[in-house]
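Residue numbers (the numbering used here), protein chains in the order written: chain A, 1253 to 1545; chain B, 646 to 924.
Built from N, CA and C at the ideal position, the CB exists for glycine as well.
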């Protein structure tokens, strides 16, 4: 039986059509929109949107709140990212240790936050951070630390969101590290033991270098994911206090769907796109380098 | 000397277990606190020092959520959406995965590479135009507003394609000789064989749709169409002072996914690792 010319297209058509309508065309539309002053009046009639070239982007460069949002997002990424990865690596190494019992339970416990709704846990954490009745301040009081107004103090709001994000996400990368750890051949450790290397030497000379490709992959994934953070500040702080937790995506959401300045919002989306694109390309370059060596 | 060394080893083992137990305790604490607060009467959680064990057990908060706030409706919305997005996307993506894996056609390789490279585009870029399209089509505040854009996933197509490549062509040839049509082969041979990857994808899609927030927040503006996370966020805007009530709402949002996950852990972890291999 011969395959008819159109048969393969019959199988891929539904998916391609969906992607075309809801993904590829919108990407180009978003770009065009970012070159217009599309606003609430344009919603009823497209004709009201005027082409303004790169004005939105120029305006963004001069928008101090955008810079604030970019700064906050970078803060979140640069502090939250490494903390998440360290925590993942630490728990993965612990779970991989021959010393540890009840592994299944601990693995499940560490992984639980990953599968839960971010909205629900953000609500829960809002109360954990409560300055008067919150459990976190209560425990800190045992350490002699005075009550912290976690979400009300511009200095502490971002660290509070970072702690939540680390707690929510480290389990995911822990699983990837665990898989990476299991591919390290045993003879490397045996040889090290024969040479008299202790656990610290084994960790720094075998485990960490062997995990380098995994770590790199996890790092890029975490950074890309964290650049898009939104629900945490939306629920917990609405970007406040004093815009100290306003993220790029939250700013995009406010412009696009609260004030209906969709042209401006699209230009924010494209800045985000360029950042993510740059990071993904960086990843590909480094991976090629790693493969060559 | 020897005994001493053994003692030291046991001591290290115990300290290590204590540390990990403490860490997992901290990780689970928010859930434990949420669960116990949700069965407290109104006002009990707002005390100092905080109470972990309810003095008086009550299901009032849950009753209030279902009787007054109509959370059942939002639960149903979430369930309907999660099930239909999962079903429809599994069908469409597996069709495409089969098309790419087992047929050769003009432009296949460049098309596939184009699809894969477009995976880096963040979803936020398409959000605004898709909203306008749905608005034009009159699909805001309908289930279709979430189902249609979620029907196809490049990542899912890629995973299914990879998996199906491992199935020997001779198996399909044999079926063709027996007179099976391409669609019969897809339905009778491909789908059953691809079950492991399909279950993994189904689980990811179901949980992803259930937990999704940004998109339903944008598409569903009428209260009766809210999904659970959107309803919870909205409830939080009005009832932020009612800790016990909010915790009951969080339990209802989180618990179904936790239960699904506990039973299908194995498949979920497989999925993470597949994703980990993908780049």
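- Between the segment 1314-1331 of chain A and the segment 1400-1416 of chain A there are three or more inter-stretch CB-CB distances shorter than 8 Å, so the stretches are counted as touching.
- Taking 4 residues as the shortest admissible run, the segment 1331-1394 of chain A contains the following complete alpha helix (DSSP H) segments, listed from N- to C-terminal end: 1333-1348, 1355-1367, 1370-1380 and 1387-1394.
- Within its own chain, the residues whose Cβ lies closer than 7 Å to the Cβ of residue 719(B), once the five positions on either side in sequence are excluded, are 871, 872, 873 and 876, listed in chain order.
- Listed along chain A, the residues sitting closer than 8 Å to residue 692(B) by beta-carbon distance are 1385.
- Restricting attention to 1376(A), 1265(A), 1428(A) and 1513(A), the CA atom closest to the CA of residue 1337(A) is found in 1428(A).
- In the same chain as residue 733(B), and ignoring 5 residues on each side of it, the C-beta atoms closer than 7 Å to its own belong to 792 and 796, in chain order.
- If the five residues before and after residue 648(B) are omitted, its C-beta is found closer than 7 Å to no C-beta atom of its own chain.
- At a cut-off of 8 Å between beta-carbon atoms, residue 1543(A) makes no contact with chain B.
- Following the DSSP letters along the chain, one finds residue 1518(A) inside the alpha helix (DSSP H) bounded by residues 1514-1544.
- In the DSSP assignment, residue 806(B) falls within the unbroken alpha helix (DSSP H) covering 799-810.
- The shortest CA-to-CA distance from residue 1483(A) to any of 1474(A), 1469(A) and 1498(A) is the one to 1498(A).
- Between the segment 724-732 of chain B and the segment 818-833 of chain B there are fewer than three inter-stretch CB-CB distances shorter than 8 Å, so the stretches are not counted as touching.
- Think of a sphere of 7 Å around the beta carbon of residue 888(B): the chain A residues whose beta carbon falls inside it are 1379, in chain order.
- In the three-state DSSP reduction, residue 854(B) falls in the helix class (H, G or I).
- Per DSSP, residue 1321(A) is one residue of the alpha helix (DSSP H) stretching across 1316-1327.
- When secondary structure is reduced to three states using DSSP, residue 687(B) falls in the coil class, being assigned neither helix nor strand.
- For chain B, the residues of the segment 1259-1273 of chain A that bring a beta carbon within less than 9 Å of one of its beta carbons are 1259, 1260, 1261, 1262, 1263, 1264, 1265, 1266, 1267, 1268, 1269, 1270, 1271 and 1273, in chain order.
- Shown here for residue 717(B): same chain residues with a beta carbon closer than 6 Å to its own, the five before and five after excluded, namely 711 in chain order.
- Put simply, of 669(B), 705(B), 840(B) and 861(B) the residue whose alpha carbon is nearest the alpha carbon of residue 1343(A) is 669(B).
- Only residues of its own chain outside the window of five on either side were considered, and among them 1388, 1402, 1403 and 1412 have a CB closer than 7 Å to the CB of residue 1381(A), listed in chain order.
- Annotation: residue 773(B) to residue 740(B) spans about 29 Å, alpha carbon to alpha carbon.
- Annotation: Cβ neighbours of residue 1346(A) in chain B (cutoff 9 Å, chain order): 661, 664, 665 and 668.
- Counting only Cβ-Cβ distances below 9 Å, residue 1410(A) has no contacts in chain B at all, with the closest Cβ about 19 Å away.
- Boundaries of the alpha helix (DSSP H) harbouring residue 706(B): 705-712, taken from the DSSP string.
- Within the segment 890-914 of chain B, 891, 892, 894, 895, 896, 897, 898, 899, 902, 903, 905, 906, 907, 910, 913 and 914 place their CB atoms closer than 9 Å to a CB of chain A, listed in sequence order.
- For residue 1435(A), the secondary structure class from DSSP, reduced to helix, strand or coil, is coil.
- Going by C-alpha positions, residue 829(B) is about 18 Å away from residue 1257(A).
- The Cβ of residue 1396(A) sits no closer than 8 Å to any Cβ of chain B.
- For the set 687(B), 816(B), 765(B) and 841(B), the Cα lying nearest the Cα of residue 834(B) is the one of 816(B).
- Under the Cβ distance rule, residue 1464(A) does not count among the residues neighbouring chain B, no pair being separated by less than 8 Å.
- Contact of residue 1529(A) with chain B by beta-carbon distance below 7 Å involves 765.
- Look at the segment 1419-1474 of chain A and you find no whole run of beta strand (DSSP E) that is 3 residues long or longer.
- At least one CB of chain B lies nearer than 8 Å to the CB of residue 1480(A).
- Counting only Cβ-Cβ distances below 9 Å, residue 884(B) has no contacts in chain A at all, with the closest Cβ about 10 Å away.
- Within the DSSP secondary-structure output, residue 1303(A) pairs in a beta bridge with 1288(A).
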